[in-house]
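Single-structure report; data block below.
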Amino acid sequence: MKMWSGRFREPLDSQFERWQRSFEFDRRLLSYELAASAAHARALKSAGVLSADELISILEGLQQIGGTATAAKGLAEDDEAEDVHHFVEKQLVARIGEVGYKLHSGRSRNEQIATDLRLYVRAAIDELHSELAELCAAFTDRAEQAGTAAMPAYTHLQRAEPVLVAHWLLAYVEMFLRDADRLADCRKRLNLCPLGSGAVAGATLPLDRALMADELDFDSATANSIDATSDRDFILEFVNTLSLQCLHLSRWAEEMIIFSTQEFGFVQLPESYSTGSSAMPQKKNPDLLELVRGKTGRVIGSATALMITLKGLPLAYNKDLQETQQPLFDATDTAIGMLPMVAGWMKTVEFAHWRMNDATQSGFMNAWAGATYLVNRGVPSRLAHEQIGKAVKLCVERNCELQDLTLDELRTLNPAFDEGFRDCLKPASVLGIHDVSGGTAPARVHKAIAAAKKKIGTLREVIHAHA
Ligand code: ARG
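Position in the sequence shown counted from 1, then plus 33, gives you our numbering.
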């Protein structure tokens, strides 16, 4: 039996009937639909709509539906079910008889889908948090293993200053921790229960909304029934957060692709995460990295699709909202799916430390340290910059580095140069002068690793509390 056929004189066009269904994709909400339905049933009992026996039989029926679907690996099948709500009603009535129809008393699918989707996003955030913690741990472990190994840092993709490999890796950890934080923020805002909002104006029976919210581990009930049934902000926020998370991974992937070229040769692509060419026997391609970059496009596409779906909708529920589900599911699967891939890649990749270190030895990356040497001798910064710039010009003409210039040559630029200049140009002192919190001086990076570990620990505590 349909959920709404009473006032219709004609059956639906059969093609339209199939076309408008959402069961094919919303059946993945089944476990949330069952949990929300159980909470609603309990509230119906408290409101005196269901007897104790009726409640028991409904709860048992709901449990059986979950059990069967789990046994069938969640692949609930039904050729007639319009959506997951209709599916549950049909299944319930098939199991416990007409009393099953009492479950829908005083509620609407509009509040149900809003509730199911909040529960779905909340669970997805918890899963993402676990994966992000693993990812951050993988990057931090590699940072720790890298010790005091150095590499060039780039600005404008031109060699800029040497940094510790660990410092570079921790830059990514910061991005991922921010992503985790944004997800936590989104979780906090979505954790309100729409049950009891009805179709638009609120439930038609005196349901205890606080009780239902509590049962589903929501912080409280939503405040306005019109908003609660039409709000999908939590989906937009979530998928936009995923876009940003994927965007970080995509930037990482692009950098790794560049670093793995023969021209850079900073990283050796792990064979277990690369493929070859069917044509060119010598090829080893960075597929994992390219797919991360490519899939990011799809996630950002979903975020855009969602905003465009919502932007013209008057209050309150409109069937357009059904179209928010597929981009949500696809973005979630895609974003969650790439995290263990990236973590695995990171654990396996080999850094060519000698190549990275070699690259720090040329290209005048010690020029700023040279200027700092003059500044420490009282030379105004702009003049020091100019004088070291002239020294660089001289080196370019001679095809040498700053440390190859003689003291006499240097003194034509500024008499303040002395023997100590060469020391200040050495890699260890170049790194060492960046001795501020957040800087690349080894002692600072050492502390940063400890701080990152602590933040990962805090994230794991949050995960544990929500488990
Ligand atoms: N399948 C629908 C959706 O996802 C459920 C809500 C249907 N509500 C309605 N008034 N037709 O949006």
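C-beta atoms are modelled at their ideal positions from N, C-alpha and C, and glycine is treated no differently.
Limits of the beta strand (DSSP E) - the one that Gln191 falls within: Your numbering for residue 191 matches position 158 in the sequence shown. Counting along the chain, the beta strand (DSSP E) containing Gln191 begins and ends at Gln191 to Leu197.
Can you tell me whether Leu63 sits near ligand 1, meaning its C-beta is under 7 Å from at least one heavy atom of the ligand? Here residue 63 refers to the residue found at position 30 of the sequence shown. Because no heavy atom of ligand 1 lies under 7 Å away, the Cβ of Leu63 does not count as near it: no.
Taking the beta strand (DSSP E) that Thr262 belongs to, which residues open and close that run? Here residue 262 is taken as the residue at index 229 of the sequence shown, counted from 1. Taken as a continuous stretch (DSSP letters only), Thr262 belongs to no beta strand (DSSP E), being part of the alpha helix (DSSP H) at Ser258 to Ser263.
Could you check whether the Cβ of Tyr153 sits closer than 7 Å to any heavy atom belonging to ligand 1? Along the sequence shown, one-based indexing puts residue 153 at 120. For Tyr153, the Cβ stays outside the 7 Å cut-off from all heavy atoms of ligand 1.
So Val196 and Ala186 are in contact, right, with Cβ under 8 Å, and what is the actual spacing, rounded? In the sequence shown, the residue the question calls residue 196 occupies position 163. In the sequence shown, the residue the question calls residue 186 occupies position 153. Right, the Cβ-Cβ distance comes to about 4 Å (below 8 Å), so this counts as a contact.
Given that a residue counts as buried once 16 or more other Cβ atoms are within 10 Å of its Cβ, and exposed if not, what is Cys433? Along the sequence shown, read from residue 1 onward, the residue named residue 433 stands at position 400. Exposed, by the Cβ-count rule.
Leaving out five residues on either side along the sequence, give the residues of the same chain with a beta carbon under 8 Å from the beta carbon of Leu440. For the purposes of this step, residue 440 is identified with residue 407 of the sequence shown, where counting begins at 1. Only Phe450, Asp451, Glu452 and Phe454 meet the Cβ criterion.
Determine whether the beta carbon atoms of Leu228 and Glu144 lie at a separation below 8 Å. For the purposes of this step, residue 228 is taken as the residue at position 195 of the sequence shown. For the purposes of this step, residue 144 is taken as the residue at position 111 of the sequence shown. A distance below 8 Å separates the beta carbons of Leu228 and Glu144.
With Ile89 and Leu67 assumed to form a contact (beta carbons below 8 Å), what rounded beta-carbon distance in angstroms separates them? What you label residue 89 is simply residue 56 of the sequence shown in a count that begins at 1. What you label residue 67 is simply residue 34 of the sequence shown in a count that begins at 1. Their Cβ separation, rounded to whole angstroms, is 16 Å, which puts Ile89 and Leu67 out of contact at 8 Å.
At a threshold of 7 Å, does Ser310 count as lining ligand 1 (C-beta to nearest heavy atom)? As a working note, residue 310 is residue 277 in the sequence shown. Incorrect: Ser310 has no Cβ contact closer than 7 Å to ligand 1.
Using the Cα positions of Thr365 and Ser414, report the straight-line distance between them to the nearest angstrom. Start at 1 with the first residue of the sequence shown, and residue 365 comes out as number 332. Start at 1 with the first residue of the sequence shown, and residue 414 comes out as number 381. In a straight line, the C-alpha of Thr365 is about 51 Å away from that of Ser414.
Sorted by chain position, which residues of the same chain lie with C-beta nearer than 7 Å to Arg388's C-beta, five sequence neighbours on each side aside? Here residue 388 refers to the residue found at position 355 of the sequence shown. Counting only Cβ-Cβ distances below 7 Å, and skipping sequence neighbours, we find Gly298 and Phe299.
Please report the straight-line C-alpha distance between Val412 and Ala476, rounded to a whole angstrom. As a working note, residue 412 is residue 379 in the sequence shown. As a working note, residue 476 is residue 443 in the sequence shown. Cα atoms of Val412 and Ala476: separation of roughly 28 Å, rounded to the nearest angstrom.
Please confirm whether Ala217 and Val272 have their CB atoms less than 8 Å apart. In the sequence shown, the residue the question calls residue 217 occupies position 184. In the sequence shown, the residue the question calls residue 272 occupies position 239. No, they are not a contact pair.
Endpoints, the beta strand (DSSP E) within which Thr188 is located: Position 155 of the sequence shown, counted from the start, is the residue given in the question as residue 188. According to the DSSP assignment, Thr188 belongs to the beta strand (DSSP E) that extends over Ala183 to Thr188.
Shorter than 7 Å, the distance from the beta carbon of Asn143 to the closest heavy atom of ligand 1, or not? As a first step, residue 143 must be located in the sequence shown, where it is residue number 110. Flag set: Cβ of Asn143 near ligand 1.
Taking 8 Å as the cut-off, decide whether the C-beta atoms of Gly254 and Arg242 are in contact. On the sequence shown, residue 254 is found 221 positions in, with the first residue counted as 1. On the sequence shown, residue 242 is found 209 positions in, with the first residue counted as 1. Correcting the residue identity first, residue 254 is Ala in this sequence and not Gly. Going by C-beta atoms, Ala254 is nearer than 8 Å to Arg242.
Just to confirm, are Ser230 and Ala261 a CB contact at a threshold of 8 Å? Along the sequence shown, one-based indexing puts residue 230 at 197. Along the sequence shown, one-based indexing puts residue 261 at 228. Yes, the Cβ-Cβ distance between Ser230 and Ala261 is below 8 Å.
Leaving out five residues before and five after Arg326 in sequence, what residues of the same chain have Cβ atoms less than 7 Å from its Cβ? Position 293 of the sequence shown, counted from the first residue, corresponds to residue 326. Ser283, Ala286 and Glu287, listed in sequence order.
Identify every run of the alpha helix (DSSP H) within the stretch 277 to 325, keeping only runs that are complete inside it and at least 4 residues long; order them along the chain. Complete alpha helix (DSSP H) runs here, min 4: none at all.
By Cβ distance, which residues of its chain are closer than 6 Å to Ile158, with the 5 residues on each side in sequence left out? Within the sequence shown, the letter at position 125 stands for residue 158. Contacts found: Leu216 and Arg220.
Can you name the start and end residues of the alpha helix (DSSP H) that Glu129 belongs to? The count along the sequence shown starts at 1 and reaches residue 129 at position 96. At residue 129 the sequence reads Ile, which differs from the Glu that was named. From DSSP, the alpha helix (DSSP H) with Ile129 extends over Val117 to Ile129.
Rounded separation between Trp201 and Asp214 - CA only: Position 168 of the sequence shown, counted from the first residue, corresponds to residue 201. Position 181 of the sequence shown, counted from the first residue, corresponds to residue 214. Approximately 21 Å between the Cα atoms of the pair.
Does the Cβ of Gln359 lie closer than 7 Å to at least one heavy atom of ligand 1? In the sequence shown, counting from the first residue as 1, residue 359 sits at position 326. Not so, every heavy atom of ligand 1 lies at least 7 Å from the Cβ.
Run of the alpha helix (DSSP H) containing Met398, from where it starts to where it stops: Looking up residue 398 in the sequence shown gives position 365. That residue, Met398, is in no alpha helix (DSSP H); it is neither H nor E in DSSP.
Please list, in chain order, all residues of the same chain as Asp59 whose beta carbon is under 7 Å from its beta carbon, the five residues on each side excluded. Position 26 of the sequence shown, counting from 1, holds the residue named residue 59. Taken in chain order, the residues that qualify are Asp116, Val117 and Gln358.
Please state the DSSP three-state secondary structure of Cys226. Here the question's residue 226 lines up with position 193 in the sequence shown. Look at Cys226 here: in three-state DSSP terms it is strand.
If you draw a straight line from the alpha carbon of Ser276 to that of Glu442, how long is it in whole angstroms? For the purposes of this step, residue 276 is taken as the residue at position 243 of the sequence shown. For the purposes of this step, residue 442 is taken as the residue at position 409 of the sequence shown. CA-CA distance, Ser276 to Glu442, rounds to 54 Å.
Less than 8 Å between the beta carbons of Leu95 and Ala71, yes or no? The sequence position of residue 95 within the sequence shown is 62, counting from 1. The sequence position of residue 71 within the sequence shown is 38, counting from 1. Closer than 8 Å, so yes.
Backbone secondary structure at Phe172 - three-state DSSP: Locating residue 172 in the sequence shown gives position 139, counting from the first residue. In the displayed model, Phe172 falls within a helix according to three-state DSSP.
For Glu452, the three-state DSSP class (helix, strand or coil): Within the sequence shown, residue 452 is the residue found at index 419, counting from 1. Residue state, collapsed to three classes: coil.
For Ser253, the three-state DSSP class (helix, strand or coil): The residue labelled residue 253 in the question sits at position 220 within the sequence shown. Strand, per DSSP.
Across which residues does DSSP place Phe384 in a beta bridge pair? Taking the first residue of the sequence shown as position 1, residue 384 is located at position 351. Looking at the DSSP assignment, Phe384 forms a beta bridge with Val300.
Which of helix, strand or coil does DSSP assign to Ser434? As a working mapping, residue 434 is identified with position 401 in the sequence shown. Here residue 434 is Glu; the residue named in the question, Ser, does not match the sequence. In the three-state DSSP reduction, Glu434 falls in the coil class, being neither helix nor strand.
Please say whether Arg75 and Glu207 have beta carbons closer to each other than 8 Å? Here residue 207 refers to the residue found at position 174 when the sequence shown is read from its first residue. Here residue 75 refers to the residue found at position 42 when the sequence shown is read from its first residue. Going by beta carbons, Glu207 and Arg75 fall outside the 8 Å limit.
Do Phe267 and Arg175 come within 8 Å of each other at the CB atom, strictly closer than that value? Here residue 175 corresponds to residue number 142 of the sequence shown, with the count starting at 1. Here residue 267 corresponds to residue number 234 of the sequence shown, with the count starting at 1. Taking 8 Å as the cut-off, the Cβ atoms of Arg175 and Phe267 do not count as close.
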